[in-house]
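Residue numbers (the numbering used here): 94 to 609. To start, the structure under review is shown below, and the notes come after it.
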Amino acid sequence: MPFENEVTYIKFSKAGKEKEFHQMYEEALKASQKYLNKEYPNIIVDDVMENEKLKLISPIDGKEIATFQSATKKSVDRAIELLKKGQKEWFALGYTKRAMVMLKAADLVAKDKFLISAILAHENGKTRLEAMADVDEAIDFLRYYALNLIENQGFVRFTGKGYDNEESMSYMKPYGIFAVIAPFNFYAITAGMVAGPLVTGNAVILKPSSNIPLSSYLYIKTLYEAGVPRNALAFLSGKGSEIGPYLVSHKDISGVLFTGSRQAGIDIFRNATREKPKVVITEMGGKDAIIVTNKASLEKAVNGVYRAAFGYSGQKCSACSLAYVEEGIYDDFVKKIREVTEKLKLDDPRLKDSYMGPVINREAVEKFKDAMERAKSDGKVVAGGNVLKRDGFYVEPTIVTDLKQDSYIVQNELFLPVLAIVKISNLDDGIKRINSSDYGLTGGIFTEDPAEIQKYFNEAEVGVVYANRERGGSTGAMVGSQPFVGWKLSGISGKGTGSFYYLQQFLREQSQTIAH
């Protein structure tokens, strides 16, 4: 079967069924209530309850919505011991059967996608369209990786005859057990990080973000339902600061997948590889910039930048937090994007007309307050800048101008709805500033000049680049079409998720020869 992106809302819209989409979401919101205000176990083959608990707090109103377990080092040891045997059995099924399990899982997630979207609203504050796109991407990862494995016949190749009496082949085999440490901002990232090593025959321990353990728990249960053995996949919620270092440095963990902050990623790489080599694949955020030249369409540029900056309240690794705007169009650009930003609807993400919901937690609100103090000191806040006085964690979409290149807001990833607009003299100036950054995840350019696009593509030291992308100038990579890969301190492996190179990272080559 050929791969096809899920794109639920687009399909509903093309069929003229937007009303039906929203009705199904409203029904899912009601259905999601039965999953709230419950206690959920860790899973190490069987359900496990720990002495210490974690409270799941909804960013919508700041109230507790579920209870999870705080795993111990003893639980980590037990999970690894059970997975060591289970991994071999899982691999022995063969790549075709494993791929079929993942395809079944994709169908099961698709069946419940409205429910999962509604749960994400409670957990991490995503609006309905953002949440549905997130769940769609998770489905895409499951299907794409399964089909990629089948297409490549499990990455087994006959390699010829070194001597007349010999037959040789290259056989790619799994490493063993992978630890997956997932972020709060995308259910799809959790899904994809688990699916990649799992479909290739490894066992997996998922340590979910403490901000979205419910959707992560339900995902693991879906994988079991699809046919993944319980002794090949474990779910351990817990405090990352306590079990994270122990998990990644464990002698029987073969590899680590991590998405999160730069410092945490560096610490994980050091801890994981201190005693012996391990596969470490990290995505460590970005300080993503879009260049707007004098030759840009102002309307396209404004739309592409604000959508990339303020979608999901700026809490995306790919969010545009910097706009480098050429001086000839700068004043008009600032005026137009300010007008659009001030009209954005900031409210409860469960409401149909909300463009933005809350940030993830109280810590993010405090970080926003600190950033605003810096913004007022170093530059000029021309839109937003305030925390809403209401239950939950709501901060305004914010634009800051008149900042120097070495200012805190220009240099550091905030993971907040804060856009810095910086005036540049020309395209070369913009590219030079981008390339001077420690990060290199995503970026874009708005210009109607093909030569400027090509120059940007040729010279920008960034893993994912777009030109004139009005739906999101630096955001919205689609599985199978736009591999998502970070350069420099935005990532380690140089291979992107949703890419035909991705699965090979979870396999090691064995050369096999039979002499006759």
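The C-beta atom is built at its ideal place from N, Cα and C for all residues, glycine as well. As the structure is a prediction and not an experimental result, all values here were calculated from the model.
(1) How many Å lie between R455 and F486 at the Cα?
(2) Have a look at K409, K123, K178 and N295 and flag the residue whose alpha-carbon is nearest the alpha-carbon of Y280.
(3) Given that a residue counts as buried once 16 or more other Cβ atoms are within 10 Å of its Cβ, and exposed if not, what is M142?
(4) Note down, one range per segment and in chain order, each alpha helix (DSSP H) of at least 4 residues found wholly within the region 484-541.
(5) Within a Cβ cutoff of 6 Å, which residues of the same chain sit near G421, ignoring the five residues on either side of it in sequence?
(6) According to DSSP, simplified to helix, strand and coil, what is M465?
(7) Can you name the residues that DSSP bridges to V474?
(8) May I ask which residues mark the beginning and end of the beta strand (DSSP E) holding F251?
(9) In the DSSP assignment, what residue or residues form a beta bridge with Y417?
(10) Looking only at DSSP bridge pairs, what is L149 linked to?
(11) Could you tell me whether the region 271-279 touches the region 297-309, using the rule of 3 or more Cβ pairs below 8 Å?
(12) Would you mind sorting T315 into buried or exposed? The rule is 16 or more other CB atoms within 10 Å of its CB.
(13) At a cut of 8 Å, does the region 256-269 reach the region 215-234 through at least three beta carbon pairs?
(14) Is the region 176-193 touching the region 156-166 in the sense that three or more CB pairs, one from each, lie closer than 8 Å?
(15) Mind checking S530: buried by the 16 CB within 10 Å criterion, or exposed?
(16) For the region 302-311 and the region 109-121, state whether three or more C-beta atom pairs, one from each stretch, are separated by less than 8 Å.
(17) Could you check if R367 is buried or exposed, using at least 16 other CB atoms within 10 Å of its CB as the buried criterion?
(18) By Cβ distance, which residues of its chain are closer than 7 Å to T121, with the 5 residues on each side in sequence left out?
(19) Do V398 and G566 have their C-beta atoms closer together than 8 Å?
(20) Under 8 Å, with one C-beta from each stretch per pair, do the region 143-153 and the region 234-250 reach the 3-pair mark?
(21) Run through DSSP, which three-state label would V578 get?
(22) Work out the CA separation of T252 and H215 for me, nearest whole Å.
(23) Pair every Cβ in the region 378-387 with every Cβ in the region 530-548, then say whether three or more of these pairs are closer than 8 Å.
(24) If you compare alpha carbons, which of V395, P322, E459 and G450 is closest to D424?
(25) Under a Cβ-count criterion, where at least 16 other Cβ atoms within 10 Å of its own Cβ denotes burial, should P267 be classed as buried or exposed?
(26) According to the Cβ coordinates, are P442 and I153 closer than 8 Å?
Let me spell this out:
(1) For this step, residue 455 is matched to residue 362 along the sequence shown. For this step, residue 486 is matched to residue 393 along the sequence shown. One C-alpha to the other measures close to 6 Å.
(2) Along the sequence shown, read from residue 1 onward, the residue named residue 280 stands at position 187. Comparing Cα-Cα distances from Y280 to each of K409, K123, K178 and N295, the minimum goes to K409.
(3) By one-based count along the sequence shown, residue 142 stands at place 49. Classification of M142: exposed, given that the 10 Å Cβ count is below 16.
(4) 501-504 and 520-528
(5) Looking up residue 421 in the sequence shown gives position 328. N387.
(6) If you number the sequence shown from 1, residue 465 lands on position 372. The answer is helix: DSSP assigns M465 an H, G or I state.
(7) The residue labelled residue 474 in the question sits at position 381 within the sequence shown. According to DSSP, V474 bridges with V493.
(8) If you number the sequence shown from 1, residue 251 lands on position 158. Segment V249 to G253, the beta strand (DSSP E) holding F251.
(9) Here the question's residue 417 lines up with position 324 in the sequence shown. BP columns for Y417 point to I384 and V515.
(10) Along the sequence shown, one-based indexing puts residue 149 at 56. Bridge partners of L149: A159.
(11) yes
(12) Position 222 of the sequence shown holds residue 315. T315 should be labelled buried.
(13) no
(14) no
(15) For the purposes of this step, residue 530 is taken as the residue at position 437 of the sequence shown. With 16 or more Cβ atoms within 10 Å of its Cβ, S530 is classed as buried.
(16) no
(17) Counting from 1 along the sequence shown, the entry for residue 367 is found at position 274. By the 10 Å Cβ count, R367 comes out exposed.
(18) Reading the sequence shown from its first residue, position 28 is the one you call residue 121. Looking at the sequence provided, one finds Ala at residue 121 rather than Thr. Hits under 7 Å: F207, L208, S210 and A211.
(19) Translated into positions along the sequence shown, residue 398 becomes position 305. Translated into positions along the sequence shown, residue 566 becomes position 473. Contact flag set, yes.
(20) no
(21) Position 485 of the sequence shown, counted from the start, is the residue given in the question as residue 578. The answer is coil: DSSP assigns V578 none of H, G, I, E or B.
(22) Residue numbering aside, residue 215 sits at position 122 when the sequence shown is read from its first letter. Residue numbering aside, residue 252 sits at position 159 when the sequence shown is read from its first letter. Computed Cα separation, rounded: 52 Å.
(23) yes
(24) As a first step, residue 424 must be located in the sequence shown, where it is residue number 331. That would be V395, whose Cα lies nearest to the Cα of D424.
(25) Locating residue 267 in the sequence shown gives position 174, where the first residue counts as 1. Flag for P267 reads buried.
(26) Numbered from 1 along the sequence shown, position 349 holds the residue referred to as residue 442. Numbered from 1 along the sequence shown, position 60 holds the residue referred to as residue 153. A contact, by the Cβ cut-off of 8 Å.
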